[in-house]
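Positions 1 to 390 (UniProt numbering) are the ones given, in order, by the sequence shown. The beta carbon of each residue, even a glycine, is placed where N, CA and C say it ideally should be.
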Amino acid sequence: MSIFDRVAERSGGNAEKYALRQKLFGTEDVLPMWVADMDIETPLCVRDAVMKRAEHPVYGYEEMPRSAFEAQCSWMAHRHGVTLEPEDLLYSHSVVASISAAIAAFTAPGDEVVVQPPIYPPFVSTIRHSGRKVLSNPLRQDAEGIYRFDLEGLEKQITPKTKLLLLCSPHNPVGRVWERAELEALAALCLRHGIRVFADEIHSDLLFAGHRHTPFIALGEAVRAITLTAIGPGKSFNVAGLAISTVAMTDAAMRAEFKAVYDTIHFAQGTVFGHAGFEAAYREGEAWLEGLLVHLQGNIDKLSELLGRYEQIAFRPPEGTYLAWLDCRKMGFGSDKALREFFIGEARLGLSPGISFGREGSGFMRLNFAVPTPTMDAALARLEGALRAF
Ligand SMILES: Cc1ncc(COP(=O)(O)O)c(C=O)c1O
Numbered sequence: 001m002s003i004f005d006r007v008a009e010r011s012g013g014n015a016e017k018y019a020l021r022q023k024l025f026g027t028e029d030v031l032p033m034w035v036a037d038m039d040i041e042t043p044l045c046v047r048d049a050v051m052k053r054a055e056h057p058v059y060g061y062e063e064m065p066r067s068a069f070e071a072q073c074s075w076m077a078h079r080h081g082v083t084l085e086p087e088d089l090l091y092s093h094s095v096v097a098s099i100s101a102a103i104a105a106f107t108a109p110g111d112e113v114v115v116q117p118p119i120y121p122p123f124v125s126t127i128r129h130s131g132r133k134v135l136s137n138p139l140r141q142d143a144e145g146i147y148r149f150d151l152e153g154l155e156k157q158i159t160p161k162t163k164l165l166l167l168c169s170p171h172n173p174v175g176r177v178w179e180r181a182e183l184e185a186l187a188a189l190c191l192r193h194g195i196r197v198f199a200d201e202i203h204s205d206l207l208f209a210g211h212r213h214t215p216f217i218a219l220g221e222a223v224r225a226i227t228l229t230a231i232g233p234g235k236s237f238n239v240a241g242l243a244i245s246t247v248a249m250t251d252a253a254m255r256a257e258f259k260a261v262y263d264t265i266h267f268a269q270g271t272v273f274g275h276a277g278f279e280a281a282y283r284e285g286e287a288w289l290e291g292l293l294v295h296l297q298g299n300i301d302k303l304s305e306l307l308g309r310y311e312q313i314a315f316r317p318p319e320g321t322y323l324a325w326l327d328c329r330k331m332g333f334g335s336d337k338a339l340r341e342f343f344i345g346e347a348r349l350g351l352s353p354g355i356s357f358g359r360e361g362s363g364f365m366r367l368n369f370a371v372p373t374p375t376m377d378a379a380l381a382r383l384e385g386a387l388r389a390f
């Protein structure tokens with residue numbers, strides 16, 4: 001049996017995906033396919049490293065070792081073709097916290113921060129919490145239904161107070177892996193208007209069928225000087241619970257400005273287990289990741305095959321991430337509430353409502369397909385049963 005066929009029991013513990021079922025869906029009787037972690041076992045190399053560290057009898061304060069940063073730099077060079085030095089990287093316990101720190105460091109109250117909805121909700125909430133203005137520049141679907149940046153629309157909305165853009169690359173929830181030319185056009189616009197970019201590239205190892213991730217900092221020296229990049233093993237190796245990522249800045253002055261904010265909130269150290277798991281994932285996890293991508297592609301194919309037979313849901317397979325963005329507008333529900341109730345009550349699936357990613361997500365549902373084979377098959381059977389009766 002493949003490791004991707006094994007079902008690890010997560011209910012009954014503290015796993016957020018399961019523990020919040022009652023609160024979010026009003027019932028325990030849903031297969032939860034919402035929050036972006038995997039129901040797939042974390043790779044053995046990571047678990048071994050954590051267990052080895054656990055054996056040491058002292059769990060005191062610990063520096064993130066240089067060797068861990070080096071492991072991530074090697075990974076970035078090898079998988080994504082970019083050069084980073086350990087000095088460019090700062091530890092972060094959370095990408096969302098890094099976004100908050102970037103907003104505090106590089107904008108003032110009343111300034112505008114750009115988002116491109118539909119978008120991972122904390123992009124918007126961090127801006128609001130910090131008293132900055134959300135400059136919403138929705139993605140546009142082209143004639144083929146492919147989501148694109150709306151750069152003309154952005155150019156029209158920009159003001160002297162527009163200071164930062166939050167880029168999600170690959171994009172959660174729509175699953176785009178932005179092409180180099182698209183990113184270059186966005187970067188040119190940001191350079192022209194003096195807008196810094198926070199590139200959230202946390203999904204960048206999860207790529208399908210010929211799609212290649214272009215790190216924003218791969219676009220040249222000028223772009224590097226305005227970019228903060230969030231990267232980490234959380235999504236790639238299913239270690240969100242180790243609470244560890246990094247934020248990269250190659251411009252020393254920019255890093256110092258960011259660090260000044262960082263230091264006020266004492267963002268200094270990670271956990272003994274986080275450090276061990278992080279380094280092991282990057283050093284030893286590649287073969288596991290390759291296997292995972294094959295498995296995830298299989299889940300996409302099964303979902304495509306099913307939805308190909310039911311025209312009520314339009315589905316374009318994601319280019320990256322393990323999130324499927326289901327266009328349910330043809331189902332004809334009058335409201336997002338009714339759509340959500342169909343998925344909970346009829347399909348017995350706990351998905352993320354598209355509307356939670358902004359009003360551009362109305363009529364959509366996001367399904368996390370990072371599950372082992374038996375769970376995927378059970379989910380598809382539930383979905384098919386509901387669609388057949390619809
Ligand atoms: C695009 C994106 N950024 C950030 C996060 C969360 O990162 P963290 O848990 O490190 O704050 C997620 C989790 O779903 C995500 O999808």
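Would you call the CB atoms of residue i and residue j closer than 8 Å?
{"i": "L326", "j": "F364", "result": "yes"}
{"i": "A381", "j": "V371", "result": "no"}
{"i": "N368", "j": "M33", "result": "yes"}
{"i": "H193", "j": "G320", "result": "no"}
{"i": "S245", "j": "F216", "result": "no"}
{"i": "V174", "j": "T126", "result": "no"}
{"i": "D48", "j": "A240", "result": "no"}
{"i": "G128", "j": "L139", "result": "Strictly speaking, residue 128 in this sequence is Arg, with Gly absent from that position. Contact flag unset, no."}
{"i": "F273", "j": "L228", "result": "no"}
{"i": "N238", "j": "T27", "result": "no"}
{"i": "D150", "j": "R132", "result": "no"}
{"i": "T107", "j": "K23", "result": "no"}
{"i": "D200", "j": "L165", "result": "no"}
{"i": "R79", "j": "D205", "result": "yes"}
{"i": "V35", "j": "A281", "result": "no"}
Using the three-state DSSP reduction, which class does residue i fall into: helix, strand or coil?
{"i": "L164", "result": "strand"}
{"i": "F369", "result": "coil"}
{"i": "I344", "result": "helix"}
{"i": "G350", "result": "strand"}
{"i": "A276", "result": "helix"}
{"i": "S2", "result": "coil"}
{"i": "E201", "result": "coil"}
{"i": "A230", "result": "strand"}
{"i": "Q269", "result": "coil"}
{"i": "R388", "result": "helix"}
{"i": "V134", "result": "strand"}
{"i": "V223", "result": "helix"}
{"i": "V113", "result": "strand"}
{"i": "residue 412", "result": "Here the chain comprises residues numbered 1 to 390, so residue 412 is not present and cannot be evaluated."}
{"i": "L207", "result": "strand"}
{"i": "G12", "result": "coil"}
{"i": "G320", "result": "strand"}
{"i": "M254", "result": "helix"}
{"i": "R175", "result": "Rather than Arg, the amino acid found at residue 175 in this sequence is Gly. Looking at G175 - three-state DSSP - the assignment turns out to be coil, as it is neither helix nor strand."}
{"i": "A108", "result": "coil"}
{"i": "P374", "result": "helix"}
{"i": "H213", "result": "coil"}
{"i": "R309", "result": "coil"}
{"i": "E41", "result": "coil"}
{"i": "V239", "result": "coil"}
Just checking residue i against ligand 3 - is the residue's beta carbon closer than 7 Å to any of the ligand's heavy atoms?
{"i": "A199", "result": "As presented, the structure is devoid of ligand 3, carrying ligand 1 as its sole ligands."}
May I ask whether a heavy atom of ligand 1 can be found less than 7 Å away from the beta carbon of residue i?
{"i": "H275", "result": "no"}
{"i": "H120", "result": "Rather than His, the amino acid found at residue 120 in this sequence is Tyr. Yes."}
{"i": "V239", "result": "no"}
{"i": "S245", "result": "yes"}
{"i": "G234", "result": "yes"}
{"i": "A248", "result": "no"}
{"i": "N172", "result": "yes"}
{"i": "H203", "result": "yes"}
{"i": "V50", "result": "no"}
{"i": "residue 430", "result": "Here the chain comprises residues numbered 1 to 390, so residue 430 is not present and cannot be evaluated."}
{"i": "C45", "result": "no"}
{"i": "A36", "result": "yes"}
{"i": "C328", "result": "no"}
{"i": "C73", "result": "no"}
{"i": "C168", "result": "yes"}
For residue i, list the residues DSSP reports as bridge partners.
{"i": "L380", "result": "Answer is none; L380 lacks a bridge partner."}
{"i": "D327", "result": "A314 and F364"}
{"i": "A121", "result": "Reading the sequence as shown, one finds Pro at residue 121 and not Ala. None, per the DSSP bridge assignment."}
{"i": "T246", "result": "Y91 and I231"}
{"i": "Y147", "result": "Q141"}
{"i": "R196", "result": "L164"}
Give a yes or no on whether 8 Å exceeds the smallest Cβ distance from residue i to chain D.
{"i": "G60", "result": "Going by chain labels, chain D is absent from the structure shown, which holds only one protein chain."}
_Minimum length 3: unbroken beta strand (DSSP E) runs contained in the segment 51-96_ = 89-92
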